[in-house]
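To start, the structure under review is shown below, and the notes come after it.
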Amino acid sequence: MEELSNCPISNLHDAFETFKTSEPRSWIESGTSTTRHESPELLVRPSGNLKSPIAHRLNQPSFTTKYLENGETADRTNGCIAMVMGNAYQPGETLLFDHIHRREARSEAIEKYPSNVLQCHEDFTSAIAQSMQAKVEIVYGQKVQSRLLQTQAIQILPLWGKFEGLILFLALEKGYSNQDSRFQLRRIMLMASHPQHIFYCARNSDTTLHQEKIMEAATLMTNNAVPWVDGYFTQKKWLRIIPGILEKQEIKAFGEVLRRAQKMPPANISERSYGGGHTVKDYGAEVIHNDSSPSLSEAGSWALYFQHKSHSNEALREYIPPAKEALSDWKSFDVWVVPTDLPSAVLEWFQGQKHIIFANQPISNFEDVSDILMKLLGIQEILSVEESSNWPVAIANGASQPTSHPGGQFTDPVLT
Numbered sequence: 153m154e155e156l157s158n159c160p161i162s163n164l165h166d167a168f169e170t171f172k173t174s175e176p177r178s179w180i181e182s183g184t185s186t187t188r189h190e191s192p193e194l195l196v197r198p199s200g201n202l203k204s205p206i207a208h209r210l211n212q213p214s215f216t217t218k219y220l221e222n223g224e225t226a227d228r229t230n231g232c233i234a235m236v237m238g239n240a241y242q243p244g245e246t247l248l249f250d251h252i253h254r255r256e257a258r259s260e261a262i263e264k265y266p267s268n269v270l271q272c273h274e275d276f277t278s279a280i281a282q283s284m285q286a287k288v289e290i291v292y293g294q295k296v297q298s299r300l301l302q303t304q305a306i307q308i309l310p311l312w313g314k315f316e317g318l319i320l321f322l323a324l325e326k327g328y329s330n331q332d333s334r335f336q337l338r339r340i341m342l343m344a345s346h347p348q349h350i351f352y353c354a355r356n357s358d359t360t361l362h363q364e365k366i367m368e369a370a371t372l373m374t375n376n377a378v379p380w381v382d383g384y385f386t387q388k389k390w391l392r393i394i395p396g397i398l399e400k401q402e403i404k405a406f407g408e409v410l411r412r413a414q415k416m417p418p419a420n421i422s423e424r425s426y427g428g429g430h431t432v433k434d435y436g437a438e439v440i441h442n443d444s445s446p447s448l449s450e451a452g453s454w455a456l457y458f459q460h461k462s463h464s465n466e467a468l469r470e471y472i473p474p475a476k477e478a479l480s481d482w483k484s485f486d487v488w489v490v491p492t493d494l495p496s497a498v499l500e501w502f503q504g505q506k507h508i509i510f511a512n513q514p515i516s517n518f519e520d521v522s523d524i525l526m527k528l529l530g531i532q533e534i535l536s537v538e539e540s541s542n543w544p545v546a547i548a549n550g551a552s553q554p555t556s557h558p559g560g561q562f563t564d565p566v567l568t
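According to my numbering, the stretch in the sequence shown is residues 153 to 568, in order.
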């Protein structure tokens, strides 16, 4: 790999120390400074080596970590980062950084930071991009992806064959201040779904299949310089390295995003017809939502938590045993306000039931789910006091025979 010339950063650690001085000053200059923003302790240091053949770029660090102050991006105590570090990643070597480097409760810096503060962050990030040798960059989440399309010179190349459905975003050499006139392209960018979205998705969903293709393509383009884990997303192999408590944290956080937005956000900027019927206009930053589906007032507030594709019979047979076990082990059901409060195994079963059990039936809470399941299973009432206080378990125990959904087209166990 040929060395870049005129790189603004030769030592990433030293460059970050300089940034830690200038960033708090930009808040003071903006006139909107707070004590928290004047402190550099919440700035998060990029990880890895500028000579890495691949780079991973995320949007902004959160407070979901054991190391709130003076942290670095490669932080396995954060579920999203831990997921990124499990595939197409070489510990200690692969470059991993955020577009915005200050921790916030919500990742809204691109939209809400004062312009001069945002510029300070993006100048540092741009210096990283100009100095890194990576020919392949994976960018996570539609916020930072949209920002890059607005601010960088990029060409679009849809792939074909095995990788049909992927779109390469070619970063043009002329878009870098240290451009080399001998070349037209600096690197290839692949727009991946944010890890938090992947935590929410069921196995073998369109989004996880797309993410799998992205990582395989990225690895091949580095000539296998980083390890690729087959089935990492589609089979949830990330569960082997990420503690369940971190998984639950990220699913609940994604549920809060859904609750605020009242619609399923696009998984990434290149998404066309994946979950929720989103499309991208001219591959630009504007994401258009397809409103042909019933409104939430008609379908119930829980409708947006379904994936658009139903589970297959084979998938259901895989999902049902752990879902039933999770229900049987659960002691309190009052906390299930939205689907992302459900045990992970139950949520995964629920996501693919839109056109099966809950077809044309509005649901807005778990009581609605219970009523539909009890009718479907022929359970008129729950007799015992114990079952009365643990009605989800009673439903699971009552679902012991193959059952047809109201449309009469589905024949498989419901929860057995």
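We put the beta carbon where it would ideally sit given N, CA and C, even for glycine.
Bear in mind that the values here come from a model prediction, so they are computed numbers and not experimental data.
query	result
May I have the straight-line CA-CA distance separating residue 529 from residue 468, to the nearest angstrom?	17 Å
Measuring straight from C-alpha to C-alpha, what distance separates residue 255 and residue 220?	8 Å
Can you tell me whether residue 540 is buried or exposed? The criterion is at least 16 other CB atoms within 10 Å of its CB, across all chains shown.	The pLDDT assigned to residue 540 is 44, lower than 50, so where the model puts this residue is not dependable, and the model offers no usable value.
Just verifying my parser: in three-state terms, what is the DSSP assignment at residue 192?	helix
Near residue 229, which residues of its chain fall below 7 Å by C-beta distance, leaving aside the five closest residues on each side in sequence?	217, 218, 219
Hey, quick one: how far does the beta strand (DSSP E) through residue 338 stretch, first residue to last?	337-344
Buried or exposed for residue 215, please, with buried defined as at least 16 other CB atoms from any protein chain shown within 10 angstroms of its CB.	exposed
Starting from residue 471, follow the alpha helix (DSSP H) in both directions and report where the run begins and ends.	465-481
Report the rounded CA-to-CA distance for residue 164 versus residue 452, giving the unit in angstroms.	50 Å
Identify the residues that DSSP records as bridge partners of residue 208: which are they?	248, 290
Are the beta-carbon atoms belonging to residue 410 and residue 456 less than 8 Å from one another?	yes
When the Cα atoms are used, what is the spatial distance from residue 235 to residue 416?	21 Å
Determine, using beta carbons only, whether residue 239 and residue 380 come nearer to each other than 8 Å.	yes
Is the region 170-186 in contact with the region 288-306, if contact means three or more CB pairs nearer than 8 Å?	no
Keeping to the same chain, check which residues put their C-beta closer than 6 Å to that of residue 356; ignore five residues upstream and five downstream.	386
For residue 500, name the three-state secondary structure that DSSP assigns.	helix
Please state whether the Cβ-Cβ distance between residue 521 and residue 407 is less than 8 Å.	no
I need the DSSP call for residue 258, collapsed to helix, strand or coil.	coil
So, with DSSP's three-state summary, where would you put residue 323?	strand
With 16 as the cutoff for other CB atoms within 10 Å, does residue 198 come out buried or exposed?	buried
Hey, is the region 333-350 in contact with the region 276-294, meaning 3+ C-beta pairs nearer than 8 Å?	yes
Grab me the residues of residue 284's own chain with a C-beta within less than 6 Å of its C-beta, minus the 5 sequence neighbours each way, in chain order.	202, 207, 247
Between residue 364 and residue 390, what straight-line distance do the alpha-carbon atoms span, to the nearest angstrom?	12 Å
Rounded C-beta distance between residue 399 and residue 351? I'm assuming under 8 Å.	6 Å
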